[in-house]
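The numbering of the sequence shown is this note's numbering, which starts it at 572 and goes up by one.
Heads up, the beta-carbon is just placed ideally off N, CA and C, and yes, glycines get one too.
Okay, structure first, notes after.
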Amino acid sequence: MKGIDQKNRNGRRRKMLAAALTAAAVSGAGVGIAAPPGEVPFGVYDPDGDFARDTEVVIEHLFLPWEDVYLPSLNDADAYARERNRALLVTLEPWTWSRSERNTARYLRNGISSGEYDANVAAVCNVLATLQSPVTLRWGHEMDDDNGQFIWAGWEPQDYIAAYHHVVDLCRKSAPQITVMWSPLGDEGMQDYYPGDEYVDLVGVSVFGLQAWDQAKYGHDRTFDEIFAPRYERAAAFGKPVVVAELGYVGDADYVAMWENSVRQVKPEYPALVG
């Protein structure tokens, strides 16, 4: 979307995404630019507008930091989504994309608890409250993944939960109608970060398929279900609707086809899956 600068997004997984369910980062994966076949609601992270005419897309996913972002661009995103009858999923990342000493876990934790970022949260949520599209807020995602990609991940659970409560409480003051997604990666231990039913409308998980990694670590090509099923089971245990918040797959043509023909299929073993 114009005005939301994505060029500085980092992380190895962002570079490998080929297609996605409810949060696509499609960037040179070697597959057709179209929604995979199936009935599960599909969304895209699509800053270049490659899916602009795809009527199968029903969710427009935005990534933005809570600092150094041009907030009026959210109005452009809202208009773009409304023209296409899409909802908005806004992943609000608690950092700045500029290089700064502020980008440390300690600084972030202390800043949230002291109220340093309250104005940032209020500014974003004040705009979200004015949007006409249905809006879901996803804050501090993949907090259970301690690989070092995100400065809000790998915290002590009580510290993360306190920060999550603080942000959601602030945002609901400005935008009480907003839907809130709690979105771990989905690994074992994710339940330790659960902030409580009153702070969660949807549970999102992430699923990434990388053929080279599968072969090197597991000795075979893993399927979507092999990765997703245990994450779904953990997510569904909270009794909330479950969403694949980020999903990508990269590999040879057969690998991509295997994933593409599976990710949007309605399956009885996933009754809580809504997108």
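Item checked: Member of 657, 643, 635 whose CA lies at the smallest distance from the CA of residue 627 -> Numbered from 1 along the sequence shown, position 56 holds the residue referred to as residue 627. Cα-wise, what sits closest to residue 627 is 657.
Notebook entry, point to check: The beta strand (DSSP E) spanning residue 709 covers which residue range?
Noted result: Reading the sequence shown from its first residue, position 138 is the one you call residue 709. Segment 706–710, the beta strand (DSSP E) holding residue 709.
Next item on the list: Go ahead and label residue 782 buried or exposed: buried means 16 or more other beta carbons lie within 10 angstroms of its beta carbon, across all protein chains shown.
Entry: Here residue 782 refers to the residue found at position 211 when the sequence shown is read from its first residue. With 16 or more Cβ atoms within 10 Å of its Cβ, residue 782 is classed as buried.
Checklist line | Residues bridged to residue 688 [DSSP beta-bridge criterion] | finding: Your numbering for residue 688 matches position 117 in the sequence shown. According to DSSP, residue 688 bridges with nothing at all.
Check: Under the DSSP definition of a beta bridge, which residues are partnered with residue 779?
Finding: Position 208 of the sequence shown, counting from 1, holds the residue named residue 779. Beta-bridge pairing links residue 779 to 819.
Check: Start and end of the beta strand (DSSP E) containing residue 636?
Finding: Taking the first residue of the sequence shown as position 1, residue 636 is located at position 65. Run containing residue 636: 628–636, per the beta strand (DSSP E) assignment.
Check: Per DSSP, residue 752 forms a beta bridge with which residues?
Finding: For the purposes of this step, residue 752 is taken as residue 181 along the sequence shown, with counting starting at 1. Answer by DSSP bridge pairing, in chain order: 709, 773.
Note to self: Taking a contact to mean a Cβ-Cβ separation below 9 Å, would you say residue 702 touches residue 741 in this structure?
What the structure shows: If you number the sequence shown from 1, residue 702 lands on position 131. If you number the sequence shown from 1, residue 741 lands on position 170. Contact: no.
Note to self: For residue 827 and residue 820, which I take to be in contact (beta-carbon distance under 8 Å), what is that distance rounded to the nearest angstrom?
What the structure shows: Numbered from 1 along the sequence shown, position 256 holds the residue referred to as residue 827. Numbered from 1 along the sequence shown, position 249 holds the residue referred to as residue 820. Going by Cβ atoms, the distance from residue 827 to residue 820 rounds to 6 Å, so yes, they are a contact pair.
Checklist line | Enclosing beta strand (DSSP E) for residue 615 [first to last residue] | finding: The count along the sequence shown starts at 1 and reaches residue 615 at position 44. Residue 615 -> beta strand (DSSP E) spans 613–615.
Note to self: With H, G and I counted as helix, E and B as strand and the rest as coil, what does DSSP make of residue 835?
What the structure shows: One-based indexing of the sequence shown puts residue 835 at position 264. If DSSP states are grouped into helix, strand and coil, residue 835 belongs with the strands.
Checklist line | Pick from 833, 810, 837, 809 that is closest to residue 795, judged by C-alpha positions | finding: Looking up residue 795 in the sequence shown gives position 224. The shortest Cα separation from residue 795 among 833, 810, 837, 809 belongs to 833.
Check: Taking buried to mean at least 16 other C-beta atoms within 10 Å of its own C-beta, is residue 707 buried or exposed?
Finding: Within the sequence shown, the letter at position 136 stands for residue 707. So residue 707 ends up on the buried side.
Notebook entry, point to check: Run through DSSP, which three-state label would residue 806 get?
Noted result: Looking up residue 806 in the sequence shown gives position 235. Correct three-state label for residue 806: helix.
Notebook entry, point to check: So what does residue 727 bridge to, in DSSP terms?
Noted result: In the sequence shown, the residue the question calls residue 727 occupies position 156. Per DSSP, none; premise fails for residue 727.
Notebook entry, point to check: Hey, out of 655, 744, 725, 785, whose CA is closest to residue 705's CA?
Noted result: Along the sequence shown, one-based indexing puts residue 705 at 134. Checked all of 655, 744, 725, 785; the closest Cα to residue 705 is 655.
Note to self: Check this for me: beta carbons of residue 810 and residue 768, under 9 Å apart or not?
What the structure shows: Translated into the one-based positions of the sequence shown, residue 810 becomes position 239. Translated into the one-based positions of the sequence shown, residue 768 becomes position 197. Against a cut-off of 9 Å, the Cβ pair of residue 768 and residue 810 comes out as a contact.
Checklist line | Cβ-based burial, residue 822 [other Cβ within 10 Å; buried from 16] | finding: In the sequence shown, residue 822 corresponds to position 251, counting from 1. When all chains shown are included, residue 822 counts as buried.
Note to self: Once the 5 residues before and after residue 530 are set aside, which same chain residues still bring their CB inside 6 Å of it?
What the structure shows: Residue 530 lies beyond the residue range present for the chain, which begins at 572 and ends at 846; the question has no answer from this structure.
Next item on the list: List the endpoints of the continuous alpha helix (DSSP H) containing residue 759.
Entry: Numbered from its first residue, the sequence shown carries residue 759 at position 188. Taken as a continuous stretch (DSSP letters only), residue 759 belongs to no alpha helix (DSSP H), as it is neither H nor E.
Note to self: Tell me the residue span of the beta strand (DSSP E) that contains residue 840.
What the structure shows: Indexing the sequence shown from 1 puts residue 840 at position 269. Looking at the DSSP string, residue 840 is not in any beta strand (DSSP E), and its letter there is neither H nor E.
Notebook entry, point to check: Taking DSSP as the reference, what is the three-state secondary structure of residue 594?
Noted result: As a working note, residue 594 is residue 23 in the sequence shown. Any answer about residue 594 is weak, because its pLDDT of 38 lies below 50 and its placement is not dependable; what the coordinates show is given next. DSSP places residue 594 in coil when its eight states are reduced to three.
Item checked: Nearest-angstrom Cα separation, counted from residue 605 out to residue 843 -> Here the question's residue 843 lines up with position 272 in the sequence shown. Here the question's residue 605 lines up with position 34 in the sequence shown. Approximately 25 Å, taken between the alpha carbons.
Item checked: Same chain, Cβ closer than 8 Å to residue 808, neighbours up to 5 away in sequence not counted -> Taking the sequence shown and counting its residues from 1, the one referred to as residue 808 is at position 237. Same-chain partners within the cutoff: 762.
Item checked: Length of the line joining the Cα atoms of residue 664 and residue 608 -> In the sequence shown, residue 664 corresponds to position 93, counting from 1. In the sequence shown, residue 608 corresponds to position 37, counting from 1. Computed Cα separation, rounded: 30 Å.
Margin query: Tell me whether the region 721–740 and the region 676–692 touch, counting them as touching only if at least three CB pairs, one residue from each stretch, are closer than 8 Å.
Written below: yes
Item checked: Start-to-end residues for the beta strand (DSSP E) that takes in residue 610 -> Taking the sequence shown and counting its residues from 1, the one referred to as residue 610 is at position 39. Looking at the DSSP string, residue 610 is not in any beta strand (DSSP E), and its letter there is neither H nor E.
Notebook entry, point to check: Between residue 797 and the rest of its own chain, which residues show a CB-CB distance below 6 Å, the 5 nearest in sequence each way excluded?
Noted result: Translated into positions along the sequence shown, residue 797 becomes position 226. No residues qualify anywhere along the chain.
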